[in-house]
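When the sequence shown is numbered by my numbering, its final residue is 322 and no position is left out of the sequence of numbers.
Comments concern the structure below.
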Amino acid sequence: MSLKTPRTTVKRLPKRARHDFETIASILDAGFLCHLGLVVDGQPFVIPTAFGREDRHVYVHGSAVSRTLKHLGDGHPACLTVTLLDGLVLARSGFHSSMNYRSVVILGHATPVTGPEKTHALEVISEHILPGRWAEIRGPSSKELNATAVLKLPVSEASAKIRTGPPADDEEDYALPVWAGVVPMALQAGSPQPDERLTAGVPVPAYLTRRPS
Ligand SMILES: Cc1cc2nc3c(=O)[nH]c(=O)nc-3n(C[C@H](O)[C@H](O)[C@H](O)COP(=O)(O)OP(=O)(O)OC[C@H]3O[C@@H](n4cnc5c(N)ncnc54)[C@H](O)[C@@H]3O)c2cc1C
Numbered sequence: 110m111s112l113k114t115p116r117t118t119v120k121r122l123p124k125r126a127r128h129d130f131e132t133i134a135s136i137l138d139a140g141f142l143c144h145l146g147l148v149v150d151g152q153p154f155v156i157p158t159a160f161g162r163e164d165r166h167v168y169v170h171g172s173a174v175s176r177t178l179k180h181l182g183d184g185h186p187a188c189l190t191v192t193l194l195d196g197l198v199l200a201r202s203g204f205h206s207s208m209n210y211r212s213v214v215i216l217g218h219a220t221p222v223t224g225p226e227k228t229h230a231l232e233v234i235s236e237h238i239l240p241g242r243w244a245e246i247r248g249p250s251s252k253e254l255n256a257t258a259v260l261k262l263p264v265s266e267a268s269a270k271i272r273t274g275p276p277a278d279d280e281e282d283y284a285l286p287v288w289a290g291v292v293p294m295a296l297q298a299g300s301p302q303p304d305e306r307l308t309a310g311v312p313v314p315a316y317l318t319r320r321p322s
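Following this line, the structure appears as structure tokens:
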């Protein structure tokens with residue numbers, strides 16, 4: 110099913126656009142953070158935060174007094190973006206220098222999550238970041254749940270944009286003695302650093318040493 114609407118139709122370089130759910134979900138699943146866009150009193154704000162996808166919706170969470178979550182939970186329009194930087198594209202001119210990337214823009218209205226779904230949503234966010242960890246950690250208390258707001262945003266109106274490949278220089282520039290090509294970029298986890306109060310004998314969990322697929 111296409112998630113294309115007039116508002117999510119990519120006009121600049123539409124050959125890089127994708128609107129199928131599978132592509133959009135794959136980019137969301139590879140992302141560790143999103144940016145939430147909202148307009149308050151005419152002023153746009155773009156706020157970075159964690160998220161988790163399940164089926165055709167995305168959960169975000171935060172403090173129950175978060176302006177962002179309260180505003181979006183009141184039904185104001187939301188924009189959620191996820192960006193994966195895959196490479197620096199070094200052309201022979203500044204004009205054609207670029208980046209390789211996969212990005213998603215989702216438009217819509219978020220709704221507050223309450224009741225048992227709230228704990229489930231927190232699990233989805235946790236599992237999105239580190240699959241396997243939710244089963245090990247202490248679950249949320251009712252006090253913590255009350256202090257936490259969760260929103261659910263449908264993935265129903267969205268676009269992806271993907272750039273891959275080498276630079277595309279002007280023909281006459283290919284003869285210039287300037288290094289050109291792609292520098293691959295990827296987010297990489299470092300070695301886990303144990304907390305100084307770690308209980309003796311607790312091993313590093315397998316999910317921290319697995320390589321991302
Ligand atoms: C890492 C990275 C670096 C970039 N660097 C630049 C740069 O330096 N200069 C530049 O002009 N552009 C850059 N882009 C592309 C930029 O995101 C926009 O796509 C582009 O600027 C066109 O903007 P527009 O407002 O004309 O989009 P339009 O094509 O008018 O946007 C219409 C609709 O297309 C969709 N859309 C647009 N852009 C994206 C996107 N990136 N991902 C998913 N959906 C999208 C949205 O649904 C939007 O509502 C970069 C993108 C990424 C991810």
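Just so you know, even glycine gets a beta-carbon here, dropped at the ideal spot from N, CA and C.
### Three-state secondary structure (DSSP) of Pro275
coil
### Task
Use the C-beta contact count for Gly149: other C-beta atoms within 10 angstroms, 16 or more gives buried, fewer gives exposed.
Going by the sequence as given, residue 149 is Val instead of Gly. That one is exposed.
### Message
I'd like to confirm something about Met208: is its beta-carbon nearer than 7 Å to some heavy atom of ligand 1, or not?
### Response
yes
### Query
Is the closest heavy atom of ligand 1 to the C-beta of Thr177 under 7 Å?
no
### Message
Once DSSP output is grouped into helix, strand and coil, what is the label at Val233?
### Response
helix
### Message
Does Lys270 pass the burial test, meaning 16 or more other C-beta atoms within 10 Å, or should it be called exposed?
### Response
Within 10 angstroms of the beta-carbon of Lys270 lie 16 or more other beta-carbons, which makes it buried.
### Task
Could you check the C-alpha separation between Tyr283 and Arg201 for me, to the nearest Å?
7 Å
### Task
Look at the Cβ atom of Pro301, then the Cβ atom of His166, and state whether they are nearer than 8 Å.
no
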